[in-house]
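Protein chains in written order, with my numbering: chain A, 306 to 420; chain B, 126 to 236.
C-beta atoms are modelled at their ideal positions from N, C-alpha and C, and glycine is treated no differently.
These numbers were taken from a predicted model, which means no experiment stands behind them.
Here it is, written out as structure tokens:
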């Protein structure tokens with residue numbers, strides 16, 4: 306079946322511009338997560354959704370970052386007034402909600418470069 | 126703030142060597158423990174999901190154990206191969222859906 310998809314796969318933008326990153330989770334997965342990996346760093350948690358609500362936004366690095374999820378499916382991560390330190394690979398993952406394992410299935414990522 | 130720790134940070138082994146690394150987590154917040162393998166230029170992929178104290182999981186040459194009472198999990202690789210080179214992440218699931226990743230152990234297997 307279809308896995309998690311993300312678009313675009315690569316994005317180059319000028320400092321100060323806004324960008325929107327999209328994530329399509331696996332159908333039926335109610336939990337959705339956003340992470341980023343900056344150069345030489347590990348996986349940094351940004352935000353997660355249960356359905357359309359985001360119980361934990363603690364990882365968003367600044368108020369320039371926002372995310373939404375509609376219809377319990379597609380999610381968009383928006384970065385306003387991008388800065389060079391926003392350059393990173395942004396990963397989305399989804400999982401089945403509920404008891405038990407709930408391992409995450411990751412998308413291929415969006416590589417964002419801010420020039 | 127809950128913290129998941131992994132050690133060592135990086136490891137270089139010769140092909141054929143067996144190796145192991147550790148994931149430590151606060152035992153009071155345990156719901157499930159995941160291990161992921163993250164190859165360069167790819168996305169992390171789940172290796173194991175462990176939920177019960179004493180769990181042992183195996184996939185080929187890779188196995189994992191879990192001790193929820195003392196808050197640790199071990200990942201073992203028997204007879205390391207170059208294709209095992211990757212970063213191995215553990216992640217603690219603390220509730221229905223909150224997941225905290227450790228910083229990872231970077232493994233390089235030298236042919």
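Buried or exposed (CB count within 10 angstroms, at least 16 for buried), residue i
| i | result |
| --- | --- |
| residue 223 of chain B | buried |
| residue 198 of chain B | buried |
| residue 127 of chain B | exposed |
| residue 234 of chain B | buried |
| residue 386 of chain A | exposed |
Residue i: contacting residues in chain A (beta-carbon distance under 7 Å)
| i | result |
| --- | --- |
| residue 228 of chain B | 347 |
| residue 211 of chain B | Result: empty, since nearest Cβ-Cβ is about 13 Å, beyond 7 Å. |
Contact under 8 Å by Cβ, residue i with residue j
| i | j | result |
| --- | --- | --- |
| residue 414 of chain A | residue 396 of chain A | yes |
| residue 191 of chain B | residue 146 of chain B | no |
| residue 135 of chain B | residue 196 of chain B | no |
| residue 216 of chain B | residue 225 of chain B | yes |
| residue 350 of chain A | residue 169 of chain B | no |
CA-to-CA distance, residue j to residue i, given in whole angstroms
| i | j | result |
| --- | --- | --- |
| residue 384 of chain A | residue 356 of chain A | 21 Å |
| residue 407 of chain A | residue 167 of chain B | 21 Å |
| residue 354 of chain A | residue 236 of chain B | 43 Å |
| residue 218 of chain B | residue 308 of chain A | 22 Å |
| residue 122 of chain B | residue 209 of chain B | The requested residue 122 of chain B is not part of the displayed model; chain B covers only 126 to 236. |
| residue 345 of chain A | residue 358 of chain A | 31 Å |
| residue 164 of chain B | residue 211 of chain B | 5 Å |
| residue 156 of chain B | residue 176 of chain B | 7 Å |
| residue 418 of chain A | residue 316 of chain A | 6 Å |
| residue 360 of chain A | residue 207 of chain B | 41 Å |
For residue i, the first and last residue of its enclosing beta strand (DSSP E)
| i | result |
| --- | --- |
| residue 189 of chain B | 187-192 |
| residue 361 of chain A | 358-361 |
| residue 226 of chain B | 224-226 |
| residue 309 of chain A | Premise fails: residue 309 of chain A is in no beta strand (DSSP E) and is neither H nor E. |
| residue 340 of chain A | 336-342 |
| residue 381 of chain A | 380-384 |
| residue 173 of chain B | 170-175 |
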